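Trainee: Here it is: the structure, laid out below.
In the working numbering, the protein residues as written are 589 to 750.
In structure tokens:
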């Protein structure tokens, strides 16, 4: 006997899902992206496409925006944003690692898409000056989780993402 599907499966809620990468340089500065469509700087990242694995969405956006190809397998933070001007959203922040000097030069040579105005290395003491409040809080919480070693592996059906 077939049972009717619950309402949540036939009419799922509209929700934005974003996937960002926290990347530090050798001096501990955070890599931020300045765009034409957002007030303040933000971490590199963006939404996943249909059936795209979340960590690969973060990796794709990070590569497109910064030129870096990074293994993003560890979650530092999950941030829920209620519905305001946009539908409710959830942002996942993945640990992108601390770059070597050679990797930093990749960022300096990269030519991002036209909606990216600039790529900036910003130390934590200046983050509040260049980021929107919610973005700044997200990065601060992610840095705190990193410093405490409080992170989660990203799993795909119970297996660490490879």
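In this text, a Cβ means the ideal position worked out from N, Cα and C, and glycines have one as well.
Here the structure is a predicted model, which means the values were calculated and not measured.
1) With a cut-off of 8 Å, do at least 3 Cβ pairs link the stretch 642–658 to the stretch 719–729?
2) Looking at C-alpha atoms only, which residue of 605, 610, 606 is the closest neighbour of residue 709?
3) Pairs of beta-carbons, one from the stretch 653–673 and one from the stretch 605–622, closer than 8 Å: are there three or more?
4) If you reduce the DSSP assignment to three classes, tell me which class residue 684 lands in.
5) Quick check: the Cα distance between residue 623 and residue 743, rounded to an integer number of angstroms?
6) In the structure shown, what three-state DSSP assignment does residue 630 receive?
7) Could you pull out every unbroken alpha helix (DSSP H) segment of at least 4 residues lying fully inside the stretch 657–723, listed in chain order?
8) Start and end of the alpha helix (DSSP H) containing residue 775?
9) Considering only DSSP beta bridges, list what residue 738 is partnered with.
10) Going by alpha carbons, who is nearest to residue 738 out of 682, 747, 698, 641?
11) Taking the C-alpha atoms as reference points, what is the distance between residue 703 and residue 747?
12) From this set, 615, 627, 605, which residue's C-alpha is nearest residue 637's C-alpha?
13) Taking the straight line between their C-alpha atoms, what separation do you get for residue 725 and residue 735?
14) Where does residue 726 sit, in a helix, a strand or coil, going by DSSP?
15) Return the first residue and the last residue of the beta strand (DSSP E) that residue 606 is part of.
Mentor: Inspection of the coordinates gives the following:
1) no
2) Taking the chain shown and counting its residues from 1, one reaches residue 709 at position 121. Minimum Cα distance to residue 709 is reached at 610.
3) yes
4) The residue labelled residue 684 in the question sits at position 96 within the chain shown. Here residue 684 sits in strand by DSSP.
5) For the purposes of this step, residue 623 is identified with residue 35 of the chain shown, where counting begins at 1. For the purposes of this step, residue 743 is identified with residue 155 of the chain shown, where counting begins at 1. Between residue 623 and residue 743, the C-alpha separation is close to 30 Å.
6) Residue 630 sits at position 42 when you count from the first residue of the chain shown. In this structure, residue 630 counts as strand in the three-state DSSP scheme.
7) 689–697, 715–718
8) With the chain covering only 589 through 750, there is no way to say anything about residue 775.
9) Mapped onto the chain shown, residue 738 falls at position 150. Answer is none; residue 738 lacks a bridge partner.
10) Taking the first residue of the chain shown as position 1, residue 738 is located at position 150. Closest option to residue 738, Cα to Cα, is 682.
11) Working through the chain shown from its first residue, we reach residue 703 at position 115. Working through the chain shown from its first residue, we reach residue 747 at position 159. Residue 703 and residue 747: Cα-Cα distance of roughly 36 Å.
12) Start at 1 with the first residue of the chain shown, and residue 637 comes out as number 49. The shortest C-alpha separation from residue 637 is found at 605.
13) The residue you call residue 725 lines up with position 137 of the chain shown. The residue you call residue 735 lines up with position 147 of the chain shown. Approximately 15 Å, taken between the alpha carbons.
14) As a position in the chain shown, residue 726 is number 138, starting the count at 1. In this structure, residue 726 counts as helix in the three-state DSSP scheme.
15) Within the chain shown, the letter at position 18 stands for residue 606. First-last of the beta strand (DSSP E) with residue 606: 604–612.
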